[in-house]
Structure formats: C-alpha cells, structure tokens
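Working notes for the structure below.
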Amino acid sequence: MLYNFATVFVFIAFGALFVGINLTLSRLIQTRNPHPMKLSTYECGELPEGDSWIHFNIRFYVIALIFLIFEVEIIFLFPWAVVFKKLGTFAFAEMMIFVFILIVGLAYVWVKGDLEWEKPGSVSDQRFVEVRKESETGELVA
Amino acid sequence: MPTPVFSASLTLTNTITSLTTLSETLTSFIFMALGAMIITGLAAVLALVGVYLERKISAHMQDRVGPMEVNTEIPLLKNIGHGWAQTLADAVKLLIKEDVVPDAADKKLHLLAPFIVFAATLAAFAVLPFGRNLIISDLNVGLFYIVAISSFVVIGIILAGWSSNNKWSLFGAMRSAAQIVSFEIPASLALLVVIMAVGSLNLGEIVAFQEGGIHKWLIFQYFPFNLLAFLIFFIASLAELNRAPFDIPEAESEIIAGFHTEYSGMKFAMFFLAEYANMFLVGVVISTLFLGGWSSPFGSFLNGSAFFHVFWIALKAFSIIFVQIWLRWTLPRVRVDQLMYTSWKVLTPFAFVAMVGVGLWMVLLN
Amino acid sequence: MALFDSVFYGFAALTVASAGVMVFSRNVVYSAVGLLFTFFGVAGIYVLLAADFIAIVQILIYVGGILVLLLFGVMLSQKGAGVDFRTGTMNVLPAALVVLGVFVVLFRVVSNTTWPVHAPTEYSPTTATLGTLLMTDYLIPFEIASVLLLGALIGAAFIARKG
C-alpha cells in the first residue's frame, strides 16, 4: 500500500515538475515587450471601473455548505458500499435509515428555497449585500 | 487480482540490485519516475490530440473543415494533411507568447494556480488501468482517490480567479467552483452502484469483475439502475469539466474566459491542457466503471495481450470523448439557475433512486 | 527504516511549515493556501499510519469541502486583496505570558503522555474493515452522526437565510 501511495506522490511531484519545466522554458524563450497597458486589468478593452470584487451572493456559500454536509454523508456511504455484498439485509436497512435522514435534510433545504439560484432578471434577492464603494458623486458605480 | 506493472519491476529491481550497487529504493523510485514521465507525456499528447479532435469534429459538424494548413515537409507525415500539426503549432505559439501578469494580480498565487490544477488533474492518471497489468498505482481506494482529486482542482480554480484580481475572473472562478461542487454529489452517488456491485474501490478489480464479454459490463447490470447511474455520472462529469452545455464559467460571449481571463502563454496552456487531460481522464474512468475497461466486448476474443487491452480502452475512452465533443457543439448553454436545478433537484434524487434500487435488488435477489 | 523516517519527517515539516504560514501570514488567502498544504501534509501522515481511507477522506472533506467553504467566505466578503487580517495587540506582555503559560502546559501534557510511537507493521486496506465496523460495532454513533449532519444542515441553512 505504501508503495502505491509513494507512486501517487511521485506522480503529483512530476505533475508539478512538468508545469515547472514548461513555465521555465516559456520564460526563457518568450517575447518580452512590456507596455503599461498590458499591466491593466482586462475588461473587454474598456478601462476597468469600480473595484474588482463582486456582489456578495450568499448563494455560493450556502451551496458550498450543503455540499459539505452531503459530502460527509458520501464518505459514510463509500465503505458501506464496499462491504454491502457481504453484509446483507441488515446493513442495507441501517444505511437506508442514514440515507433517509439525510434525504429529509435535502427535502428541507429544497422546500425552504435554499437550493434556488437567483433567476436572471428577477428583482434583487434581499440577501444581496453590496460591498462596493460608491463613486465620488455618491452614485453606485456599475 | 491484477498486479501493477511495477510489481513486475520489483523483481526486475531485485535483479538489478543484485547486479549493480544501486539500492532497492532508488531503483523503485527510478521506475516510479519513469512511469510518471511516460504518463505525463501521454496525458499531454492526448490533451493535444483532444484539442485537435475537438476542432476537427466541431468543424465537420458545422459543415466546415477546420484547420487544414499546418503541415510539415517530412515525406511520410506530409501526406497526412488535414492540418494535423495544428495543435503542435498552437503549443509552440503558447510557449513563445509573453506571460502578461496584470499589475493588480497577486503574483505568487497567480503562479501557484496552474500548478495545482494541472498536478491534481495529472495525479488522477496514476490509478487508471490501461491493461491487465498496466496500472501505475494499484491503489485499493483508487476510485475514492479519483473523487477526492477532483476536489483539489476546485481550489486551483478559485485561486486562479482570485489572484487575477479581475471581477470577471473571480466571478467565473466562483461559478465554476459552485458548479463543480454541486455536481460532485450526484457523481459520487452514481458511483455507489458500481461499488456495490463489485465490492471494491480498486479500479483493477472493477475491470476484472466486468471481464468476459459485453453482457458483463456494469452498464447493463441491474437494469435500469446502472444505466441511470451511468447517465447521471456522464452528465455530472460534463459539468465537472466545465464543458457545454454547462460551460457558463468559460462562456466566451459572457464573461470572456472566466477564471483564466488574465492568464496568457504557458500558464494558460497549463489550464487548457488540464481541461483536455481531464476530459480524457473522465473518458477512461467512465469506460472503466461502466463499459468494461480494457476488456474486450467479445469475451476472450481479442483480449489476450496488453496491446489489445490498450486498444479497447482507447476505443471506449475516445468514444466517450466524441460524445462529449458532440454534445458541446450541439446543445445550447444552460443558465446558471437551471444548472443548479439540474444538479440538486434532478440528478441527486435520481442518484439516490439508483442506489436504493440497486441495493434493494441485491438484497431481494441474493 | 531510514526512508520511512525521512518521508515522515518530510511530511511533518511540510505540515508544520504550512501551519506556520497559515498562522503568521498577513494575507488571509495566503493563510488559506498554507492550510491547503497543511491538510496535504496530514493526509501524507495518515498514509504512513496505514489509514489509506482516512487520508483520502482528509483530502476530500478538508480540502474539497472545508477549504472551499473558507475560500468562498473569504473571497466573497473581502474588500479587495490585501486586507490586513491582524487585529491590533494592545498588551503584548500579558499576551506573551499567557501564551507562554499555555505552551508550557501543552508541552508537559504532550511529553508526559505515552504515545504509541511505532510505525504500523501491517499495511492492509482499511475500507472494508471500516464499513463492517460502521455497520456492526459502531452502529449507534453512525446513526447519530446522520442526525448530527441533519442538524448541521438545518442550522447552517437557517443561519444563512437569516444573516
């Protein structure tokens, strides 16, 4: 087992090494024409306005949270699935209780609307928290 | 139980150790390194082939011909034509392109992100079985390892989007991460039916279970639950690859290039390569889990040597890739709320149904 | 077992160094990256302890779940890059004394406990054993874990809805 994991580790190291070699090679032979315009942030050719972060859409955080809970459920499901063939009905019943409790969780989150993603064009979600600065005139910059 | 190719190398190592003064660990390290180099090269080449295939297949589907120009003067290769060297030219172009890093970007994280994304994608290749004894690392938790590695890639994507200090990059990265994360749940649940049927997380054992002909392939067992699981896993993997119809994070017409907007030159090439290598990885994983892996569909006919094994797995993997490319150029892009709806409200419940269905089937009939 | 020891020390060094980066860095995203490598180092140590399944779980849950959550939280609430994450320290000397005291206590506890300090001699796969144990000996904790997860899910969703 250690041998296999060692191989995996060597693999990861080689992946990083491959990227490193390519980037170094590129750095050696690439063209270099520095220009101040190249240093600016790209915004389809326009000059960037406003600060460079986004609306705090709490959806992202909620989805990651729900994902984490279900991921922990999945790590319980994997060892059960491995021994499922051997253990039989009792193990199946036990796991079904587990899964059922978590399906109740999914149903709850579903019904309460936590899985909804804001439809484009709808009136702004009241959970939007604006963290942008205002421009000098006091208007919110787009 | 299939043994890794490099356990044969252990015997070779012993012979070499007895013949030379190299220690055993050093020799096995050299073999590991060799295997890693071969697979890295293979993954890179396959990624380039994947890019070329995408351009050609999409071209023919759109009733045009795609790249036809790039060719060489070498006599035999010249006759292939059809712009076969296009991706080589692209690779060279990316190599000599200037690496423009915006002033506002966080240089260290900007540099770290391609490493994480590519190394994580490549690391998953270590457990793929290309033949009966052609596995680099015969991990007992191989399948679980592949699931875990894809979550590593999410971090790389988030760092790429963040370090660019560009609203579009960050937004694309967040959406991409949310998308990958949402579709990981149905994908992992769909894998459970495979594990339940085989009783192991070892990819070599999963293929060995399906050996013996097309009727033993896992996609046809426990009908229709395994087929449902296959479809769920296929759709979820499309989303995890950020491919259409789920390619909002890379929507060229919407947010430029998503999280890799501010990347140029070789760093961009690494993201690009990682995406196509990931495509190939998904192709091989689906073939291994549901379509019998390297075993021949005719049972023992054409199943003898490693050459045939590699042929079969390549055929199956490229068929999956063909379907992925086909879907990209046929289907329109889904909206982000439709995407979340698909993952949480359609795929996850159906994945639970598939798992419970297979469980009930196995319990009632055994 | 010089190779085993050096690999262990390597992973331990990686873990401690990354934890150091995480604690002392002024940029909160750098701290998150330090945390990433800390988790990776701990996963490596789990492998050396013959806990292959737990090592992968470490990567899957901690890196793929908790770190992603952390990064989302950090990135969606920061006012641009480079927010100074430190709070000011008013009373350096009392703080240093308290920290020193806690450190001495922890050090004494760690050094006086008898840890089983040997590498495992047998490296067998653990997934099947874990599955069997979860279904037989540790069934009650397992089912309670599901209730706990349900509670966490409902609570987190509730808080996110309110806040």
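Each protein sequence line maps, in turn, to chains E, F and U. Residues in the first sequence are numbered consecutively from 802, following the working numbering. Residues in the second sequence are numbered consecutively from 9, following the working numbering. Residues in the third sequence are numbered consecutively from 12, following the working numbering. Every residue, glycine too, gets a C-beta built ideally from N, C-alpha and C.
- 9 Å or more divides the Cβ of V32/U from the Cβ of S17/U.
- Residue burial is scored here from C-beta neighbours: N286/F has at least 16 other C-beta atoms within 10 angstroms and is therefore classed as buried.
- Under the Cβ criterion of 9 Å, V811/E is not counted among the residues facing chain U.
- Taking C-beta atoms as the reference points, A128/F and F160/F count as a pair closer than 9 Å.
- In this structure, the beta-carbon distance from E154/U to F899/E falls below 9 Å.
- Annotation: S351/F is outside any alpha helix (DSSP H) and is labelled neither H nor E by DSSP.
- The beta-carbon of G816/E is placed no less than 9 Å from the nearest beta-carbon of chain U.
- When only Cα atoms are considered, A55/F and L281/F end up about 6 Å apart.
- Judged by beta-carbon spacing, K105/F lies beyond the 9 Å limit of G291/F, meaning their Cβ atoms are not closer than that value.
- For A325/F, no Cβ of chain U is located within less than 9 Å of the residue's own Cβ.
- Using a Cβ distance threshold of 9 Å, G365/F and F233/F count as a contacting pair.
- In this chain, the alpha helix (DSSP H) harbouring P880/E covers I859 to L888.
- For L136/F, there is no enclosing alpha helix (DSSP H), as DSSP marks it with neither H nor E.
- Take R336/F, set aside five residues on each side of it, and the residues of its chain with a beta-carbon closer than 6 Å to its own are R251 and A252, in chain order.
- For F160/F, the enclosing alpha helix (DSSP H) stretches over residues G150 to S171.
- Proximity of the region 107-116 of chain F to the region 166-182 of chain F meets the contact definition, three or more beta-carbon pairs being nearer than 8 Å.
- Closer than 9 Å to the CB of A55/F there is not a single CB belonging to chain E.
- DSSP places I143/F within a strand segment (E or B) once states are collapsed to three.
- Using a Cβ-Cβ cut-off of 7 Å, V820/E is close to P122, F123, F126, A127 and M278 of chain F, given in chain order.
- With respect to chain U, the C-beta atom of D98/F has no partner C-beta closer than 9 Å.
- Legend: CB atoms of the region 887-912 of chain E lying less than 7 Å from CB atoms of chain U belong to residues L888, A892, E895, I898, F899, I902, L903, V905, G906, Y909 and V910.
- When rounded, the separation of the alpha-carbon atoms in S88/U and L81/U is 11 Å.
- If the five residues before and after F316/F are omitted, its C-beta is found closer than 6 Å to the C-beta atoms of L310, all from its own chain and listed in chain order.
- Note that the region 133-143 of chain F does not touch the region 53-64 of chain U; fewer than 3 beta-carbon pairs, one per stretch, sit closer than 8 Å.
- Taking 7 Å as the cut-off between beta carbons, the residues of the region 128-152 of chain U near chain F are P136 and T138, in sequence order.
- E106/F reaches chain E at Q831, T832, R833 and N834, counting residues in chain order whose Cβ is nearer than 7 Å.
- Nearest in C-alpha terms to S303/F, of all of P340/F, A186/F and W225/F, is W225/F.
- Beyond the five residues adjoining it in sequence on each side, F288/F comes within less than 8 Å, by CB distance, of A51, L54, A55, G58, A325 and I329 in the same chain, given in chain order.
- Interface with chain U (9 Å Cβ-Cβ cutoff): L840/E is excluded.
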